[in-house]
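Colleague:
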Amino acid sequence: MPDRTQVQTVVQGLRRNVDLILFDGDRNRIAASRNSGSQSEFIDTVLARGNYFVKVIAKAGQTNYRLTLSAGPNPATAKFVGLTDNNRLAFFNDTNLSRVRQVRLRGLQPGERLVGIDFRPNTGQLFGVGSSNRLYVINPTTGRVTQVGAPFAVPLNGTSFGIDFNPTVDRIRVVSDAGQNLRLNPDTGAVVDADTLTGGIQIDRNLNGDTDSIVATAYSNNVSGATTTVQYGINADTDQLFIQNPPNDGTQVVVGSLGVDFSADAGLDIVTRNGVDRAFATSGSSLYSIDLTTGAATLIGDVRNRRNPVNLVGFAARSPVLKPNPATAKFVGLTTDSDLVFFNSNALNNVTKVDITGLRAGETLVGIDFRPNTGQLFGVGSSNRLYRIDAATGRATQVGDRFAVNLNGMNFGIDFNPTVDRIRVVSDAGQNLRLNPDTGAVVDADTLTGGIQIDRNLNGDTDSIVATAYSNNVSGATTTVQYGINADTDQLFIQNPPNDGTQTLVGSLGIDVDAKAGFDIVTSNGMNMGFVTSGSSLYSIDLNSGAASLIGNVQDITQPIALAGLAAR
695 MPDRTQVQTV VQGLRRNVDL ILFDGDRNRI AASRNSGSQS EFIDTVLARG
745 NYFVKVIAKA GQTNYRLTLS AGPNPATAKF VGLTDNNRLA FFNDTNLSRV
795 RQVRLRGLQP GERLVGIDFR PNTGQLFGVG SSNRLYVINP TTGRVTQVGA
845 PFAVPLNGTS FGIDFNPTVD RIRVVSDAGQ NLRLNPDTGA VVDADTLTGG
895 IQIDRNLNGD TDSIVATAYS NNVSGATTTV QYGINADTDQ LFIQNPPNDG
945 TQVVVGSLGV DFSADAGLDI VTRNGVDRAF ATSGSSLYSI DLTTGAATLI
995 GDVRNRRNPV NLVGFAARSP VLKPNPATAK FVGLTTDSDL VFFNSNALNN
1045 VTKVDITGLR AGETLVGIDF RPNTGQLFGV GSSNRLYRID AATGRATQVG
1095 DRFAVNLNGM NFGIDFNPTV DRIRVVSDAG QNLRLNPDTG AVVDADTLTG
1145 GIQIDRNLNG DTDSIVATAY SNNVSGATTT VQYGINADTD QLFIQNPPND
1195 GTQTLVGSLG IDVDAKAGFD IVTSNGMNMG FVTSGSSLYS IDLNSGAASL
1245 IGNVQDITQP IALAGLAAR
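Counting in this note's numbering, the sequence shown runs from 695 upward without gaps.
1) Can you tell me whether residue 975 is buried or exposed, with buried defined as 16 or more other CB within 10 angstroms of its CB?
2) Would you mind stating whether residue 1050 and residue 1259 have Cβ atoms separated by less than 8 angstroms?
3) Can you check DSSP and say which residues form a bridge with residue 811?
4) Of all the options 993, 819, 748 and 712, which has the alpha carbon lying nearest to the alpha carbon of residue 720?
5) Start and end of the beta strand (DSSP E) containing residue 870?
6) Since residue 865 contacts residue 851 with CB under 8 angstroms, what's their CB separation in whole angstroms?
7) Tell me which residue opens and which closes the beta strand (DSSP E) that residue 954 is part of.
8) Who are the near neighbours of residue 834 in its chain, counting only those whose CB is closer than 8 angstroms to its CB and skipping five residues on each side?
9) Assuming residue 961 and residue 910 form a contact by the criterion Cβ under 8 angstroms, report the distance between their Cβ atoms to the nearest whole angstrom.
10) Can you list, in chain order, the residues of its chain whose CB lies under 7 angstroms from that of residue 1095, leaving out five sequence neighbours each side?
11) Between residue 1165 and the rest of its own chain, which residues show a CB-CB distance below 6 angstroms, the 5 nearest in sequence each way excluded?
12) If the criterion is Cβ atoms closer than 8 angstroms, does the pair residue 1083 and residue 788 meet it?
13) Between 951, 1205, 971 and 928, which has its C-alpha nearest residue 977's C-alpha?
14) Are the stretch 895–903 and the stretch 911–920 touching, with three or more C-beta to C-beta distances below 8 angstroms?
15) Looking only at its own chain, which residues have a Cβ that is under 7 angstroms from the Cβ of residue 1251, when we skip the five neighbours before and after it?
16) According to the Cβ coordinates, are residue 1160 and residue 1109 closer than 8 angstroms?
17) Could you tell me if residue 1248 is buried or exposed, where buried requires 16 or more neighbouring beta carbons within 10 angstroms of its beta carbon?
18) By Cβ distance, which residues of its chain are closer than 6 angstroms to residue 920, with the 5 residues on each side in sequence left out?
19) Could you check whether residue 1195 and residue 1151 sit closer than 8 angstroms to each other, using their CB atoms as the reference points?
20) Do residue 1201 and residue 1189 have their CB atoms nearer than 8 angstroms?
21) So what's residue 959 in DSSP terms, helix, strand or just coil?
22) In the structure shown, what three-state DSSP assignment does residue 769 receive?
23) Whole-angstrom Cβ separation of residue 952 and residue 991, contact assumed at under 8 angstroms?
24) How is residue 1049 classed by DSSP in three states: helix, strand or coil?
25) If I measure Cβ to Cβ from residue 1010 and keep anything under 6 angstroms in the same chain, skipping five residues before and after, which residues do I get?
26) Spell out the partners DSSP gives residue 1003 in its beta bridges.
27) For residue 1210, which residues does DSSP report across the bridge?
28) Distance, Cα to Cα, residue 779 vs residue 855?
29) Under a three-way DSSP split, which group does residue 1257 fall into?
30) May I ask which residues mark the beginning and end of the beta strand (DSSP E) holding residue 910?
31) Taking its Cβ as the centre, do 16 or more other Cβ atoms sit within 10 Å of residue 744, making it buried, or is it exposed?
32) Count the other CB atoms, across all protein chains shown, that sit within 10 Å of the CB of residue 983; report buried if there are 16 or more and exposed otherwise.
33) Rounded to whole angstroms, what is the Cα-Cα separation between residue 770 and residue 790?
34) Which residues does DSSP pair with residue 983 in a beta bridge?
35) Rounded C-beta distance between residue 1088 and residue 1053? I'm assuming under 8 angstroms.
36) How big is the Cα-Cα spacing for residue 752 and residue 717?
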């Protein structure tokens, strides 16, 4: 082998528990993987020139297995975002540490710094915790931070902090060198109350056991939909790796020595691919791989902007958000003639048309969506009416009276918020309101003021949205994110908080989208994928970047069908 080679050894296809051990030519153990049950075993390390061999040990009975080895200077790339000591984001990957893109953070409180960052596995969004006890969603493209809720009630306690998402419960763990141990709700920014029977907010038990000081933390199985996980942490005084179990009790159990002098501003995160965990840590400008079974740190290299070291005080791995297969997505489109057209994303020329009846003379529908709680199709009419539509016959039945607030705009986006069962309506003129699907009435945003007060107009990075959609588009959802499309700038946005209308840029669609675009999100097995129509074209949308990818054209045999709305079935 060359003088330094990145080596990855994987044992997969197991039916029973095995151990994987790596030895050097003198039979000295270099590394080991001892996962439980039939989980894959994985060793990722950097080796010097020499001879090595691996041993697979069956722990309980016989099993077939598949052993693979990859070696070379460019292993599977892991992508990272670092937090610098001057409040910037630094983007890099483990195979090219000298190619760094930096983005300045914008929107923090005066004098505030972020104490840690992490990606939310369920949505792919980047979050940061501020030194002023605030939680932020961060736009990686622009560096703009958006505060989530109010400052949390329990002040941060410590000098150095570790933060990471628990992928199984979708909560943010915060630990510190002073022993603090708490959780944050990413939807509200509030501290999770560990004891609701006691007055006030009770945080989790302080760190204890083999150490009471942790400066960086990370969870294994760092993917959306994970059902099991292990929390790891780094102590910068003893330079050791720990497991925190149970996490809420704060109990620390030593794994082993890092073998490296880590700084108090260390970062730690775990990349999970194909069920295999790879841990990485930063100390100053140095990036290390971490053996989760022994704690041993192996230097990968220094993060540099050209020749200048980039000093990091936080660190997050960009794990991909799994998406449902677009070939299984079923839709109802709203044509520009206010008819319904049914199609699947894998058969765009196999369509069924249904004429809509029951609308007022001269009226058109400005948008449609399915109600997650009931599966019924609803539409909003241009004469300020809400309709319930029989998808089989196309018969539209008015719900209640005309709503009291006139629609304002030329193009509208409508979608059900699955967590509160209300219809969101936004427009290219900046209108932002909610409708009650049971009464057809506008939801009053301020019942203490006379008349009907709608939600705050669209504002922030844009004041014009022509199509909108909520994630977790299923009955019983407890969390959701509202997305929107601007047809003038051809960009994707997040509206948060929805009632405040605040828009935060996600990224460019990369296409010229029509003003009568349709937009909806398909949720399958806890995963979300966006779809957009523009004219007769159907696109999939990456909700992390905004990038649109053409699937094809919706057409009746050879005749394209112009669409003005979209609803996922």
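Built from N, CA and C at the ideal position, the CB exists for glycine as well.
Modeller: Working from what's here:
1) With 16 or more Cβ atoms within 10 Å of its Cβ, residue 975 is classed as buried.
2) No. Outside cutoff.
3) 822
4) Nearest C-alpha to residue 720: 748.
5) 865–870
6) Not confirmed; about 19 angstroms, so no contact.
7) Careful: residue 954 lies outside any beta strand (DSSP E) and carries neither H nor E.
8) 775, 783, 785, 797 and 820
9) 5 angstroms
10) 1134
11) 1174, 1175, 1215 and 1222
12) no
13) 928
14) Taking a cut-off of 8 angstroms on C-beta distances, the stretch 895–903 does not touch the stretch 911–920, as fewer than three cross pairs fall below it.
15) 1043
16) no
17) buried
18) 861 and 862
19) yes
20) Not a contact, by the Cβ cut-off of 8 angstroms.
21) coil
22) Caution applies to residue 769, whose pLDDT of 39 falls short of 50 and renders its modelled position unreliable; the value that the coordinates give is listed next. Of the three classes helix, strand and coil, the one that applies to residue 769 here is coil, per DSSP.
23) Right, their Cβ atoms sit about 4 angstroms apart.
24) strand
25) For residue 1010, same chain residues with a beta-carbon under 6 angstroms away, outside a window of 5 residues either side, are 775, 811, 812, 813 and 963 in chain order.
26) Beta-bridge pairing links residue 1003 to 998.
27) In DSSP, residue 1210 forms no bridge with anything.
28) 14 angstroms
29) strand
30) Counted as a single uninterrupted DSSP element, the beta strand (DSSP E) harbouring residue 910 occupies residues 910–913.
31) exposed
32) buried
33) Below a pLDDT of 50, predicted positions are generally treated as unreliable, and residue 770, at 45, falls in that range; no measurement from the model is reported.
34) 974 and 992
35) Not confirmed; about 10 angstroms, so no contact.
36) 17 angstroms
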